[in-house]
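Chains as they are written, first to last, in our numbering: chain R, 134 to 244; chain C, 52 to 275.
Just so you know, even glycine gets a beta-carbon here, dropped at the ideal spot from N, CA and C.
Owing to the predicted nature of the structure, the values given are computational and were not obtained by experimental measurement.
Worksheet for the structure shown next.
Below is the structure:
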C-alpha cells in the first residue's frame with residue numbers, strides 16, 4: 134500500500150502542526166515537510182519529491198498563480214491544494230473547487 | 052487532576068480540527084466543543100461550560116473581541132485566551148480590556164501552546180513574547196500623575212504593592228512566592244485583593260494599570 138507524501142507551505146506554524154496531527158490518523162498519508170517561504174519550499178520539494186503540496190496562500194502577498202505555475206512546471210504531476218485560511222474553500226489547482234466542512238473533504242481532495 | 056476543558060472558537064475548519072487533534076493528544080486537556088463564529092461560541096459555551104476558551108479574533112457573524120466581552124459578562128468564571136494571527140496592538144489591548152486572560156499568536160509550536168495552557172491552571176496569563184513586548188512599549192509611553200499615584204497606592208497594602216511589582220515583571224505566582232518568601236496560596240489571595248481594589252479582571256490588566264498609574268517602576272520589565 135503506497136503512502137501519499139505531503140508537503141505543507143504555510144506561514145502559520147500551528148496550522149501545519151495541526152494538519153500533521155490530523156493526517157497522522159490516516160496511515161496512507163504522511164506529512165514530510167513544512168516551510169513558511171515558497172522559495173525555500175521549492176528547493177526542499179526538489180529534494181523530498183512530495184506527491185501533494187498543501188498551500189495556505191491567505192496571509193501572503195504572493196502572486197498566487199505565478200508561484201503555483203512555477204511549482205507545477207517543476208513537477209507536472211504534483212497535486213497542489215490551496216486551503217486558504219481566509220475561507221473554508223479548497224482549491225485544487227486549476228481543477229476543481231469545493232467547500233470544506235470536515236477533515237474528510239481534505240482527505241478526499243488529497244486522494 | 053481533572054483535564055482542562057477547552058472550547059475552540061475559530062472560523063477555519065481545518066485549523067480548528069488541527070488544534071483539536073493536537074489538544075486531544077494530551078491526557079490533561081480535552082476539547083469539549085467547537086464553534087465557527089462568535090454567536091455559536093456563546094451558545095456552545097453555555098452548553099458545555101468550559102474551563103477555557105481559545106478564541107480567534109477575526110470571524111464572521113460576531114468577531115472574537117466582541118464575543119469576549121459578552122462571554123465575560125454572562126460567564127465571568129470562564130477563562131478566554133485569544134489565539135490569532137493578528138499582532139495588531141489595538142486587538143491586543145481591546146482583548147485584554149474586554150477580559151481576555153491571554154493573547155497568543157498562531158505561530159506557536161504546539162509544545163509552547165501546551166505550556167501556556169498549563170500555566171492557566173497556575174493563574175498565569177499566557178502572552179506570546181512579541182505581544183508582551185508591545186504591552187511594555189505601550190506602558191513606557193504612559194506618564195501617570197502624582198495625585199493618581201498616591202490615590203491608588205493608598206488602596207493597596209505594602210505587601211500588595213510588592214506582589215504587584217512582581218506581577219509587572221511577568222513573574223508567575225510560584226516565582227512571586229519564592230521571591231517574597233510566602234506561599235503560592237498567599238500570593239493568590241493577594242492577587243485577588245489587588246484585582247478587586249484596582250477594579251480589573253486579570254494580572255495583565257493589573258500590570259497595565261500599575262504602570263500607567265505609577266504604582267510601580269516600569270523600567271523593571273522582567274523577561275518580557
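Checking contacts by CB at 8 Å: is residue i closer than that to chain C?
| i | result |
| --- | --- |
| residue 151/R | yes |
| residue 236/R | yes |
| residue 190/R | no |
| residue 146/R | yes |
| residue 181/R | no |
| residue 222/R | no |
| residue 164/R | no |
| residue 233/R | yes |
| residue 216/R | yes |
| residue 211/R | no |
Residue i by DSSP, collapsed to three states: which one?
| i | result |
| --- | --- |
| residue 86/C | strand |
| residue 204/C | Per-residue confidence for residue 204/C stands at a pLDDT of 49, beneath the threshold of 50, marking its modelled position as unreliable; the derived number appears in the next sentence. In the structure shown, residue 204/C sits in a helix (DSSP, three-state: H, G or I). |
| residue 77/C | coil |
| residue 106/C | strand |
| residue 240/C | helix |
| residue 99/C | helix |
| residue 182/C | helix |
| residue 230/C | helix |
| residue 53/C | coil |
| residue 130/C | strand |
| residue 135/C | strand |
| residue 224/C | helix |
| residue 159/C | coil |
| residue 150/R | helix |
| residue 187/C | helix |
| residue 302/C | With chain C running from 52 to 275 in the structure shown, residue 302/C is simply not present. |
| residue 236/R | helix |
| residue 251/C | coil |
| residue 266/C | coil |
Span of the beta strand (DSSP E) holding residue i?
| i | result |
| --- | --- |
| residue 165/R | 162 to 168 |
| residue 262/C | Looking at the DSSP string, residue 262/C is not in any beta strand (DSSP E); the run it does join, the alpha helix (DSSP H), is 254 to 263. |
| residue 138/R | 137 to 142 |
| residue 185/R | 185 to 188 |
For residue i, report the span of its alpha helix (DSSP H) as first-last.
| i | result |
| --- | --- |
| residue 153/C | Here residue 153/C belongs to no alpha helix (DSSP H); instead the beta strand (DSSP E) covers 153 to 156. |
| residue 212/R | Where residue 212/R is concerned, there is no enclosing alpha helix (DSSP H), although the beta strand (DSSP E) it sits in stretches over 212 to 215. |
| residue 210/C | 209 to 219 |
| residue 147/C | 140 to 149 |
| residue 223/R | Counting along the chain, residue 223/R falls outside any alpha helix (DSSP H), though it belongs to the beta strand (DSSP E) covering 222 to 225. |
| residue 145/R | Looking at the DSSP string, residue 145/R is not in any alpha helix (DSSP H), and its letter there is neither H nor E. |
| residue 21/C | Absent from the model: residue 21/C. The displayed extent of chain C is 52 to 275, so no value can be given. |
| residue 176/R | 171 to 181 |
Give a yes or no on whether 8 Å exceeds the smallest Cβ distance from residue i to chain R.
| i | result |
| --- | --- |
| residue 244/C | no |
| residue 103/C | no |
| residue 63/C | yes |
| residue 59/C | no |
| residue 196/C | At residue 196/C, the pLDDT of 49 sits below 50, so the modelled position is not reliable and the matter cannot be decided from this model. |
| residue 176/C | no |
| residue 145/C | no |
| residue 136/C | yes |
| residue 131/C | no |
| residue 127/C | no |
| residue 166/C | no |
| residue 171/C | no |
| residue 123/C | no |
| residue 66/C | yes |
For the 8 Å Cβ check, are there 3 or more pairs between the segment 92 to 104 of chain C and the segment 64 to 77 of chain C?
No, because fewer than three Cβ pairs between the segment 92 to 104 of chain C and the segment 64 to 77 of chain C fall closer than 8 Å, the two stretches do not touch.
Evaluate contact between the segment 170 to 185 of chain R and the segment 53 to 66 of chain C, counting only Cβ atoms and requiring at least three cross-stretch pairs below 8 Å.
no
I want to know whether the segment 119 to 126 of chain C touches the segment 141 to 152 of chain C - three or more CB-CB distances under 8 Å.
yes
Counting Cβ pairs, one atom from each stretch, are 3 or more of them under 8 Å apart for the segment 213 to 230 of chain C and the segment 107 to 114 of chain C?
no
Mind the definition here: the segment 160 to 167 of chain C touches the segment 136 to 147 of chain C only if three or more C-beta pairs lie below 8 Å; say whether that holds.
no
Quick one: any contact between the segment 237 to 256 of chain C and the segment 208 to 218 of chain C, if contact means 3 or more CB pairs under 8 Å?
yes
Does the count of Cβ pairs from the segment 223 to 236 of chain C and the segment 180 to 188 of chain C closer than 8 Å reach three?
no
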